[in-house]
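Protein chains: 2
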Amino acid sequence: MARKIDTDTFGFLATDISRLIRADLDRRIGETGIGLTAGEGRTLIHAARAGSVRQNVLAERMGVEAMTLSSFLDRLEARGLVTRRPDPADRRANLIEITEAADAVIGDIQSMSASIRHRAARGIDPAEWERFLSVLKTVRNNLAEQRGEPQRRSPGSAS
Amino acid sequence: MARKIDTDTFGFLATDISRLIRADLDRRIGETGIGLTAGEGRTLIHAARAGSVRQNVLAERMGVEAMTLSSFLDRLEARGLVTRRPDPADRRANLIEITEAADAVIGDIQSMSASIRHRAARGIDPAEWERFLSVLKTVRNNLAEQRGEPQRRSPGSAS
DNA sequence: TCATGATAATCAGGTAAGCTTATTAAATTC
DNA sequence: GAATTTAATAAGCTTACCTGATTATCATGA
Numbered sequence: 002m003a004r005k006i007d008t009d010t011f012g013f014l015a016t017d018i019s020r021l022i023r024a025d026l027d028r029r030i031g032e033t034g035i036g037l038t039a040g041e042g043r044t045l046i047h048a049a050r051a052g053s054v055r056q057n058v059l060a061e062r063m064g065v066e067a068m069t070l071s072s073f074l075d076r077l078e079a080r081g082l083v084t085r086r087p088d089p090a091d092r093r094a095n096l097i098e099i100t101e102a103a104d105a106v107i108g109d110i111q112s113m114s115a116s117i118r119h120r121a122a123r124g125i126d127p128a129e130w131e132r133f134l135s136v137l138k139t140v141r142n143n144l145a146e147q148r149g150e151p152q153r154r155s156p157g158s159a160s
Numbered sequence: 002m003a004r005k006i007d008t009d010t011f012g013f014l015a016t017d018i019s020r021l022i023r024a025d026l027d028r029r030i031g032e033t034g035i036g037l038t039a040g041e042g043r044t045l046i047h048a049a050r051a052g053s054v055r056q057n058v059l060a061e062r063m064g065v066e067a068m069t070l071s072s073f074l075d076r077l078e079a080r081g082l083v084t085r086r087p088d089p090a091d092r093r094a095n096l097i098e099i100t101e102a103a104d105a106v107i108g109d110i111q112s113m114s115a116s117i118r119h120r121a122a123r124g125i126d127p128a129e130w131e132r133f134l135s136v137l138k139t140v141r142n143n144l145a146e147q148r149g150e151p152q153r154r155s156p157g158s159a160s
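This is the structure we're talking about:
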């Protein structure tokens, strides 16, 4: 065995972390009876942030295919958390908007997210965490770039 | 909309990055005809690193259930990349070992992994990258902790 | 020593998050 | 106004997990 095998490289770490987050999220979702899967929650947050958007735009921002988004929206719409409104400017398109009922759910998602973040960041000092987040954004943009995905300028406040 | 909505938080970034990595990996796997899925590849690398291990130990190290690992191993074994050898010390258990044929595949996986890493790290200076990796490890350990998963001391060389 | 309970692996079956390909209706372009 | 492109979706697939039940074996305490 001449080769050195390392399971602590970037790709492994990222994959592990994502799986741990998903598992934790699933557990909390089960406990709190929030009634949404991780993907649906992600969709809802993106929709909330985007305001009134076409599906194709939202899909591109989320980095998923139109069809994938369409399924998430089906379930969110069935639960009354988003609406699909025909775009007056293009009869092929829908505008996605969140409903008032979504507010409470968004609050729940955000507090779950904050709680996971706190656990993840334990023992890391705040300045280091900010640095870390900014590298994460760079990495995401690097990876998203040659995928046809539009580059994101980081707009909101970091957290 | 009184709430500030941010899609650049830790959880979102981590999820995005993991999806991008997976997609990229899938694309490369398709191109190079390596014949393994991401999960199988991950299993193979962990097995290579572990030497001769019981399945339950390997599963725990990988952070998956025993059954999940069992399926991965079925496919790796069918491709002749690992063997299940009865553990002489416990007739319930198997010892997993990689075969010689696995060496080439491991090499391929490692170079894919390196290439993704290079792309991810573009524009980030090496010292910053090391810092970043070390925070990633802390985060993984933080998240893995209260999940029953054993804490990992970071053993190998970072990269 | 033997009944009881724990453990290692696996069978059966399920779910969630993606994907691709094809279709339809509407918009755009030449 | 014919040909192309685009927005959404239907249909169906794959991967990576999971849980619960089952079987064989091991460990333990009376």
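Top to bottom, those sequences are chains A and B. As numbered in the numbering used here, residues 2 to 160 make up the first sequence, in order. As numbered in the numbering used here, residues 2 to 160 make up the second sequence, in order. Ideal Cβ positions, reconstructed from N, Cα and C, are used throughout, including at glycine. What you are looking at is a predicted structure, and each value in this text was computed from that prediction instead of being measured.
Between residue i and chain B, is the shortest Cβ-Cβ distance under 8 Å, so that the two count as touching?
{"i": "Gly64 of chain A", "result": "yes"}
{"i": "Leu14 of chain A", "result": "yes"}
{"i": "Ser112 of chain A", "result": "no"}
{"i": "Asp9 of chain A", "result": "yes"}
{"i": "Asp27 of chain A", "result": "no"}
{"i": "Arg50 of chain A", "result": "yes"}
{"i": "Ile22 of chain A", "result": "yes"}
{"i": "Leu137 of chain A", "result": "yes"}
Spell out the partners DSSP gives residue i in its beta bridges.
{"i": "Ile99 of chain A", "result": "A:Val83"}
{"i": "Arg55 of chain B", "result": "B:Leu96"}
Mark residue i as exposed unless 16 or more other C-beta atoms lie within 10 angstroms of its C-beta, in which case mark it buried.
{"i": "Asp75 of chain B", "result": "exposed"}
{"i": "Arg93 of chain A", "result": "exposed"}
{"i": "Arg123 of chain B", "result": "exposed"}
{"i": "Met68 of chain A", "result": "exposed"}
{"i": "His47 of chain B", "result": "buried"}
{"i": "Gly36 of chain B", "result": "exposed"}
{"i": "Glu66 of chain A", "result": "exposed"}
{"i": "Arg141 of chain B", "result": "buried"}
{"i": "Glu41 of chain A", "result": "buried"}
{"i": "Ser112 of chain B", "result": "exposed"}
{"i": "Ser19 of chain A", "result": "buried"}
{"i": "Arg28 of chain B", "result": "exposed"}
{"i": "Ser72 of chain B", "result": "exposed"}
In this structure, does DSSP put residue i in helix, strand or coil?
{"i": "Arg43 of chain B", "result": "helix"}
{"i": "Arg62 of chain B", "result": "helix"}
{"i": "Pro127 of chain A", "result": "helix"}
{"i": "Leu134 of chain A", "result": "helix"}
{"i": "Gly36 of chain A", "result": "coil"}
{"i": "Ile6 of chain A", "result": "coil"}
{"i": "Ala177 of chain A", "result": "The structure shown does not extend to residue 177 of chain A, since chain A is modelled only from 2 through 160, so no value can be given for it."}
{"i": "Asp109 of chain B", "result": "helix"}
{"i": "Ala122 of chain A", "result": "coil"}
{"i": "Ala115 of chain B", "result": "helix"}
{"i": "Asp91 of chain A", "result": "coil"}
Could you spell out where the alpha helix (DSSP H) holding residue i opens and where it closes?
{"i": "Gly31 of chain A", "result": "11 to 33"}
Distance cutoff 8 Å, beta carbons only. Does residue i sit that close to anything in chain A?
{"i": "Arg120 of chain B", "result": "yes"}
{"i": "Leu134 of chain B", "result": "yes"}
{"i": "Leu77 of chain B", "result": "no"}
{"i": "Ala145 of chain B", "result": "yes"}
{"i": "Asp126 of chain B", "result": "no"}
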